[in-house]
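Contents: one structure, followed by commentary.
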Amino acid sequence: MSVMAKAVRAALFGSVMSLASFGASAADYTLSVNTALSPQDPLYKGLEEFKANVEKRSAGKMSVRLFPASQLGKDEDLLEQARAGAPVAVVVDGGRLAVFVKEFGVLGAPYVAQGYGGIRKVVTSPMFEEWVQKLRKASGHQVLSFNWWQGERHMLTNKPVKVPADLSGVRVRTPGAPVWMETIRAMGATPTPLPWSEVYTAMQQQVIDGAEAQDPAIYGSRLYEVAKYLTKTGHINLITGIVTSAAWFDGLPKDMQTLLREESLKAGDSASKGTEDSLADFEKQMKDKGMQVVEIDVTPFRTATAPVYEKLGYGDLQKQVEALVKQ
Numbered sequence: 019m020s021v022m023a024k025a026v027r028a029a030l031f032g033s034v035m036s037l038a039s040f041g042a043s044a045a046d047y048t049l050s051v052n053t054a055l056s057p058q059d060p061l062y063k064g065l066e067e068f069k070a071n072v073e074k075r076s077a078g079k080m081s082v083r084l085f086p087a088s089q090l091g092k093d094e095d096l097l098e099q100a101r102a103g104a105p106v107a108v109v110v111d112g113g114r115l116a117v118f119v120k121e122f123g124v125l126g127a128p129y130v131a132q133g134y135g136g137i138r139k140v141v142t143s144p145m146f147e148e149w150v151q152k153l154r155k156a157s158g159h160q161v162l163s164f165n166w167w168q169g170e171r172h173m174l175t176n177k178p179v180k181v182p183a184d185l186s187g188v189r190v191r192t193p194g195a196p197v198w199m200e201t202i203r204a205m206g207a208t209p210t211p212l213p214w215s216e217v218y219t220a221m222q223q224q225v226i227d228g229a230e231a232q233d234p235a236i237y238g239s240r241l242y243e244v245a246k247y248l249t250k251t252g253h254i255n256l257i258t259g260i261v262t263s264a265a266w267f268d269g270l271p272k273d274m275q276t277l278l279r280e281e282s283l284k285a286g287d288s289a290s291k292g293t294e295d296s297l298a299d300f301e302k303q304m305k306d307k308g309m310q311v312v313e314i315d316v317t318p319f320r321t322a323t324a325p326v327y328e329k330l331g332y333g334d335l336q337k338q339v340e341a342l343v344k345q
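Going by my numbering, the sequence shown wraps up at 345, each residue one higher than the last.
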């Protein structure tokens, strides 16, 4: 690691530690959880449940502090803090972890599974736990659970979209992870990496022509104000997890380690059920606000994105994941 990289990491570590410890409780251990989600998101309700259950089950020895709307910084910054041993966690997708362990990227590959049930089989499997252990060794991160389902992602534009050709030349915001960018490119659009917090303004100022996201995030960020069409492509089934520092985690008593992983899994199931139950209502509210929610035949998009697996080296892994989903 270069001197500059070390200096940057040290500065980031100090800033997050300062924020995370502000107003800290008298608990023996404190975990600060950062998320890009708004407090209105069903998944955030799950985080509140996680906090309450951990604090109750630990008899107050473990305190969980929640920071919505990326109050502690970008996901990538928080992952760096966790690597450095800070007592922080972040709700993050597999694409961002694929830079450390490639297998995680397949979770964000196109049409990997529909709904929560299938993808849950993957992220609670022995195969997934092998990835978790590889991540610990590769980057110093500890996954608490990865069953936090945010919904299927759809296309947001200001013109009708029915087939990949309709997205030609359309600049679509995407996270910077390769699997996301290749998927959007295969769908016919031009992937444009941007932080989620900048999407509304970028759409408003026509820096980008479109975006793609799941219903709760679209509604929570009021993107119905800057996009006319929500086309239900369902191209990515967004499953996320709570990821913290392996060094911090290993320093906890064994019962606290078990408690965190068990309560994270339970709360993830509860949050994902909340997401399932909320989707229709979110779409109704967006329709009421003037957005057109359009159902299409996604076959052309499935066909167009199928080569993404081989292009990124996920061909064999795709077969293993599909086998798990069918169980």
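Think of the CB as a built atom: it goes at the ideal place given N, C-alpha and C, for glycine as much as any other residue.
With a 10 Å radius around the Cβ and a threshold of 16 neighbouring Cβ atoms, Asp111 comes out buried. Counting the other CB atoms within 10 Å of its CB gives Ser50 a total of 16 or more, which places it among the buried residues. Contact check for Lys272 against Val311 fails: the beta carbons are separated by 8 Å or more. The bridge partners DSSP lists for Ala156 come to none. Of the candidates His253, Tyr242, Ala127, the residue whose Cα lies closest to the Cα of Gly333 is Ala127. Less than 8 Å divides the Cβ of Lys63 from the Cβ of Gly292. Around the beta carbon of Pro60, 16 or more other beta carbons sit within 10 angstroms, so the residue counts as buried. As far as DSSP is concerned, Asp184 takes part in no beta bridge. Beyond the five residues adjoining it in sequence on each side, Asp227 comes within less than 6 Å, by CB distance, of Val188, Arg189 in the same chain, given in chain order. In the assembly as shown, Glu121 is a buried residue. Its beta-carbon has 16 or more other beta-carbons within 10 Å. Fewer than three beta-carbon pairs drawn from the region 206-217 and the region 123-140 are found closer than 8 Å, and the two stretches are therefore not classed as touching. Looking from the CA of Glu170, the closest CA among Leu277, Ser56, Leu248, His159 belongs to Leu248. Taken through DSSP and simplified to helix, strand or coil, Leu297 comes out as helix. A straight-line Cα-Cα distance of about 17 Å links Gly286 and Phe85. Asp295 and Thr219 have their C-alpha atoms spaced approximately 29 Å apart. Between His253 and Met205, the C-beta spacing is below 8 Å. Residue pairing by DSSP places Ile254 opposite Arg171 in a beta bridge. A residue is called buried when at least 16 other Cβ atoms come within 10 angstroms of its Cβ; Thr175 meets this threshold and is buried. By the Cβ test, the region 92-104 is not in contact with the region 297-312, since fewer than three Cβ pairs between them sit closer than 8 Å.
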